[in-house]
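Chains as they are written, first to last, in the numbering used here: chain A, 1 to 438; chain B, 439 to 678.
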């Protein structure tokens, strides 16, 4: 215990709470500055909050970030445009396919090949993004439950998310950090059995989501912890640039999939769920409804994918100067280039060999310019500002991550409330620190 | 230009184009963008020049003309003019970029936000870009703006020289710029004047330098492998 200009500082090292309490009673000071995180189970990773408390009321909240900064944007400047996908996918690690999609749409716009991306690749992108939206929302709702003390909700959420991750593993080969969406298309087509697995997923998922709703929708403890908690109205959202379920929780149906469609979202039938309560419970309901809408979109994707034989329908742009020469097949020693492709480049076509070699070692050149593309990630507008200087590597890539932006709103949501509601406020924003810090 | 290039009193267009090209800034020399490793390709004397940033003439297309007209009208009501407040208009790949001199940034942003016919309610942050070769305007700050009312997007671009890296803060107009400006200060060293608390946000408080600038040393060390060394990333051969 030391006396300082700011007030008395108590060092809590071990089980010495009785001394701290006794000393606090002695000085009769109500104002308490508490450090929460960066290692704390309810801070969604490594978020640090500095709370100034007056009794149990939060008078000031300052979020501190940067503990997960890995220099993804800088790293991308030293890799080719295609290799950039493997970096940006790691930013928001609960929504990797959205990072990839935003980045690839930016590269494609810089190249001017937006219209040449094959139809099947676009449908696959939508399919994977919507699956990813479900897995991300399930994590958000599951951890929300855990942070409020409901571990059953967490286990249910993780169990259902596992079904999505199994599909990811089947389709992309990886459960996260997929690098599946590439400039010009996607890395490979659906494997055998994927359509059946997707149909099975569509069959069981509504019931499982219903179980989650049965646990939470009218749960009195959950309602007490979320209703009228972490209030942020439309004006606040606008001023702070907040998008996603938080914005739709104020009643504004702003969803980029509807308002500024990309990847052919205008051709799918789905609704934009909103709630007008502006509180944590409203955001929860928006996320639950969005998962139902995602299932609708996935079902339409499956129909479209089943309608055409993969042989007639490429998944990578046909321009051999841009399309990654990925003709993957499962070989005797694991995944590799297909024997047909090797035979083609080594035995039949010198041009194909040159293209393969140049693309893999040097990469393609992207004309000078800058673009900003945005997709609707599970957390809001995920933007990608990409600048090219005409070379084979990005000159600058900036990811406008919705978590980074939305976290600013935490002070506005939590100040003046109870300290326990800070947990609800963080969880209802659903920040992912990988995206915040990049 | 020599007399050989003049025919009938008119300069030869090809010669004019060549002269213009020679006056452009040299972007890089050599084939592989580095002078440290032995370049045996014979392209060591290659000079790649950077094309000028062309301003787009009217009509801009799409809703861009309307945005420019409304902005000009708003500026004139406030006693300014469009050419004064917007130094260049670039329409590229279906996106509109307004280059704004830094002293006019706050006024233009406020107008874009408040004018009902423009109504760019949302600013989607700041993205810094460092162009060390662009003398006098090395640091760029790019602001994507979004109008939910009209469902439109535009972009503002502001520059500052390395010697005087100050840009007025937009926190007063768009409070969301708070963290984004701190990030751009942290990574590029742009000083946003008027920001309430311009401190580092991603890097530690006592960090030296601004890591996403192009002149920031990566600090890589050569990798040795079986007697040969691979130089650190910034010294490796590159194709751009």
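Even glycine gets a Cβ: it sits at the ideal position worked out from N, Cα and C.
Quantities reported herein were computed from a predicted structural model and do not represent experimental measurements.
Using a CB distance cut-off of 8 angstroms, residue 196 (chain A) does not count as an interface residue toward chain B. Residue A:37 holds the alpha-carbon nearest to the alpha-carbon of residue 65 (chain A) among A:37, A:90, A:102, A:86. Between residue 672 (chain B) and residue 658 (chain B) the beta-carbon gap is near 7 angstroms, inside 8 angstroms, which marks them as a contact. Among the bridge pairs identified by DSSP, residue 329 (chain A) is matched with A:336.
Looking at A:230, A:336, A:318, A:364, the one whose alpha-carbon comes closest to that of residue 284 (chain A) is A:230. Assignment of residue 630 (chain B) by DSSP, reduced to helix, strand and coil, places it in the strand class.
Taking a Cβ-Cβ cut-off of 7 angstroms, the neighbours of residue 437 (chain A) in chain B comprise 640, given in sequence order. Just measuring C-alpha positions, the residue of A:61, A:117, A:123, A:32 sitting nearest residue 307 (chain A) is A:123. Using a CB distance cut-off of 8 angstroms, residue 525 (chain B) does not count as an interface residue toward chain A. When secondary structure is reduced to three states using DSSP, residue 598 (chain B) falls in the strand class. DSSP lists B:533 as the beta-bridge partner residues of residue 530 (chain B). Interface criterion met: the Cβ of residue 381 (chain A) is under 8 angstroms from a Cβ in chain B.
When DSSP states are grouped into helix, strand and coil, residue 388 (chain A) belongs to the strand group.
Residue 418 (chain A) has A:57 as its beta-bridge partners, per DSSP. Per DSSP, the continuous beta strand (DSSP E) segment holding residue 583 (chain B) begins and ends at 577-585.
Among the residues of chain A, those whose CB is under 9 angstroms from the CB of residue 567 (chain B) are 370, 385, 387, 395, 396, 398, following chain order. The CB of residue 616 (chain B) comes closer than 8 angstroms to the CB of 408 in chain A, given here in chain order. In the DSSP assignment, the residues bridged to residue 32 (chain A) are A:53. Non-local C-beta neighbours of residue 134 (chain A) in its own chain, meaning closer than 7 angstroms and more than five positions away in sequence, comprise 164, 291, 294, ordered along the chain. Taking the beta carbon of residue 575 (chain B) as reference, no residue of chain A falls within 9 angstroms; the closest one sits roughly 15 angstroms away. Of the residues A:209, A:106, A:192, A:425, the one whose Cα lies closest to the Cα of residue 330 (chain A) is A:192. Residue 559 (chain B) is a Cβ neighbour of residue 551 (chain B), given a cutoff of 8 angstroms. The beta carbons of residue 576 (chain B) and residue 613 (chain B) sit no closer together than 8 angstroms. Under the Cβ distance rule, residue 405 (chain A) counts among the residues neighbouring chain B, one pair being separated by less than 8 angstroms. Going by C-alpha positions, residue 71 (chain A) is about 11 angstroms away from residue 434 (chain A). The beta carbon of residue 657 (chain B) sits no closer than 8 angstroms to any beta carbon of chain A.
Across the stretch 62-77 of chain A, CB contacts with chain B closer than 8 angstroms involve 65, 66, 69, 71, 73, 74, in sequence order along the chain. The beta carbon of residue 254 (chain A) falls within 8 angstroms of a beta carbon belonging to chain B, placing the residue at that interface. For residue 220 (chain A), the enclosing alpha helix (DSSP H) has its first and last residue at 220-226. Put simply, the backbone Cα of residue 155 (chain A) is about 7 angstroms away from that of residue 142 (chain A). For a Cβ distance threshold of 8 angstroms, residue set 613, 614 of chain B lies close to residue 240 (chain A), ordered along the chain. Of all alpha-carbon atoms in A:177, A:370, A:243, A:55, the one lying nearest the alpha-carbon of residue 395 (chain A) is that of A:370. Assignment of residue 373 (chain A) by DSSP, reduced to helix, strand and coil, places it in the strand class. In the DSSP assignment, residue 211 (chain A) falls within the unbroken alpha helix (DSSP H) covering 194-216.
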